[in-house]
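Beneath this line is the structure, given in C-alpha cells, with notes to follow.
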Amino acid sequence: MKQAALHPLTLSIWVALSCVMIEYFSWWPNPEHGFLGWLSPVPAFACWAVPILSLIDWWVRFCQLGYIFSVSGCRVNRPYFEDVASDTLRRPDVADIQEYYARSPSSGFFVLEYDNRIIGLIAVDASEDFQSDKNSVKTGEIKKTIQEKKRVSSITSSTATICHIFVENPFRNADVQDDLVSFATDYAFTTSSDLKEIKVTTSSLLGYVQKSLRHSKFTTDEVVGRVGIYRWKMQAMSLKREQWEKSRGKGAST
1061 MKQAALHPLT LSIWVALSCV MIEYFSWWPN PEHGFLGWLS PVPAFACWAV PILSLIDWWV
1121 RFCQLGYIFS VSGCRVNRPY FEDVASDTLR RPDVADIQEY YARSPSSGFF VLEYDNRIIG
1181 LIAVDASEDF QSDKNSVKTG EIKKTIQEKK RVSSITSSTA TICHIFVENP FRNADVQDDL
1241 VSFATDYAFT TSSDLKEIKV TTSSLLGYVQ KSLRHSKFTT DEVVGRVGIY RWKMQAMSLK
1301 REQWEKSRGK GAST
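Per this note's numbering: the sequence shown = residues 1061 to 1314.
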C-alpha cells in the first residue's frame, strides 16, 4: 500500500483534485487571517486523502490475498481475482496440505506462530510432478487426484517451487519473513542433495517478500508480467544450491 500511496501518479492525482477543490471553494492561503490563514487549504487535501487511501487499501488487500494462494499474482478487477482464488482453492495441496507436502522429503508447509496465533506461512513443493497452475482440478476430482499423487514414489525434483508465502502486516517490520524463507530453504536443501534450485514468482507490489528473498540470496531471472494499475513487475526469482552453500559458508556439495 505504501508503494501505491507514494507513487508519483497517485500524489499528482491527490494534489490536482485538492487544488480543484481549493479553487472552487476559494480556500487558498490568506495572510490577512494570520497563521491560521495559511492552513485554509488543509481540509481539501485531507478530504481527498481519505478516499484515495481507502481505494488503494481495498485494492492492495485483494492483491495480497490473491498472492497468498497463487504465485501467478493478481489483477485489479475483482472477477479475475475470484477466478484465481476459486482455481487455487481446488488445487491438491490446499485440499490436503499434510498429505500433499509429505510426497517429497524436501517439500514442506511451514507456519510461524506467535502468542498462540499463526502470523506467517511458507510452502515449498519439491515433488517431481509439480506443475504450478496446471495442478488445479475440479472439485469432484480433488480426493481422487491426491490419492493418485500419493502413489508417486517419494522422489525429490532437482527444482523446488515456493508456492505460498505470507506474513501478517504488524510483524513485517521485525523481518520475521526472513526467518521463514531462511528456514524453508535450509530445510529443502539439507533434506535432499538432489535438489539443485528453488524458484518463486513474486511481485514488486509485495516489497517485503522480495526484500526477504534477496536477503536469502535469491536472484531475479526474468520479468514474467506486470500487475496492478501501475504495472508492477512480476518477477521469476531463484536460489541455486551453489549460492545457498556459499551464503551458509559451506563447501561444495558431496
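Every residue, glycine too, gets a C-beta built ideally from N, C-alpha and C.
query, result
"Nearest to S1298 (by Cα), restricted to the options R1291, L1096, V1236 and C1223", "C1223"
"Beta-carbon spacing of E1257, K1300 below 8 Å", "yes"
"8 Å CB neighbourhood of W1074 in its chain, flanking five on each side removed", "F1105, W1108, A1109 and I1112"
"Terminal residues of the beta strand (DSSP E) in which Y1161 lies", "Counting along the chain, Y1161 falls outside any beta strand (DSSP E), and DSSP gives it neither H nor E."
"Expected contact under 8 Å - CB spacing of A1186 and S1167 to nearest Å", "5 Å"
"Check whether V1236 and I1178 have beta carbons under 8 Å apart", "no"
"V1080 versus W1087: straight-line alpha-carbon distance, rounded", "10 Å"
"Option in W1304, E1173 and G1267 with minimal Cα separation from A1248", "W1304"
"Option nearest V1102 by Cα separation, candidates E1159, E1302, L1077 and D1281", "L1077"
"Close-in-space but distant-in-sequence residues of the same chain around G1200 (CB under 8 Å, 5 per side omitted)", "With a pLDDT of only 47 at G1200, under 50, the local geometry of the prediction cannot be trusted, and no value is derived from it."
"Exposure label - D1175; buried when at least 16 CB within 10 Å", "exposed"
"Member of I1215, W1098 and Y1161 whose CA lies at the smallest distance from the CA of D1254", "I1215"
"Paired residues, beta bridge with E1173 - DSSP", "I1178"
"Opposing strand residues paired with F1226 [DSSP bridges]", "L1181"
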